[in-house]
Amino acid sequence: MPALIPHPAPVDAFAVRRRDLWQAAGMGGTRLDHVRANVADLDAAVEWYAKVLGFEVEAYWPPDAPNYAHFVTQSGATFAVMVAEGRGGRFNFTVDDPDALWDKVKDLAVVVEPLFDTPYGTRKFTIADPDGNELGFARNELT
Numbered sequence: 010m011p012a013l014i015p016h017p018a019p020v021d022a023f024a025v026r027r028r029d030l031w032q033a034a035g036m037g038g039t040r041l042d043h044v045r046a047n048v049a050d051l052d053a054a055v056e057w058y059a060k061v062l063g064f065e066v067e068a069y070w071p072p073d074a075p076n077y078a079h080f081v082t083q084s085g086a087t088f089a090v091m092v093a094e095g096r097g098g099r100f101n102f103t104v105d106d107p108d109a110l111w112d113k114v115k116d117l118a119v120v121v122e123p124l125f126d127t128p129y130g131t132r133k134f135t136i137a138d139p140d141g142n143e144l145g146f147a148r149n150e151l152t
């Protein structure tokens, strides 16, 4: 009987194909560093993000007549808001305790998805900002 040859680990064909496509497009090292939600009123948006989520503005732009603000982040992509046409973005944030955040924001925002456990093992909820952008909050899997 021939000797058994160990089978290599399964290959995620989709991940390999996606990587190949990105590299072919010259974007093999691309990573997401900045996301922006379009809003109708900068002051109202900044006030909502500060009041409901506790976000703190790091900078406004341009200095003479701001139409853009980005918030302080611990790590990952910069999150910003800007007065611009178009609505309907979806942004997902990772948090240590979605239950505590849910208790804080559930009565202050439009609820898109109430707090629930997903079939893939995390806990999350989704709310909408005053401009209709959806904000998802999921448990940090490292905690």
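In terms of the numbering used here, the sequence shown is residues 10 to 152.
Glycine residues also receive a C-beta, built at the ideal position from the N, C-alpha and C atoms.
- With contacts defined as CB atoms closer than 7 Å, Val61 and Leu117 qualify as a contacting pair.
- By the CB criterion at 7 Å, Glu67 and Val44 fall outside the cutoff.
- Boundaries of the alpha helix (DSSP H) around Lys113: Pro107 to Val114.
- If you draw a straight line from the Cα of Leu51 to the Cα of Val104, it is about 25 Å long.
- The beta carbon of Glu65 sits closer than 8 Å to the beta carbons of Ala59, Phe80 and Val81 from its chain, once the five residues preceding and following it are set aside; these are given in chain order.
- Note on Thr127: under 16 other CB atoms within 10 angstroms of its CB, so exposed under the neighbour-count rule.
- For the 7 Å CB-CB criterion, Gly97 and Gly141 form a contact.
- In the three-state reduction of the DSSP assignment, Glu56 falls in the helix class, which pools H, G and I.
- Of the other Cβ atoms in all chains shown, 16 or more fall within 10 Å of the Cβ of Val90; this residue is therefore buried.
- A distance below 7 Å between beta-carbons, with the five flanking residues on each side excluded, links Asn76 to the following residues of its chain, in chain order: Leu51, Met91 and Val92.
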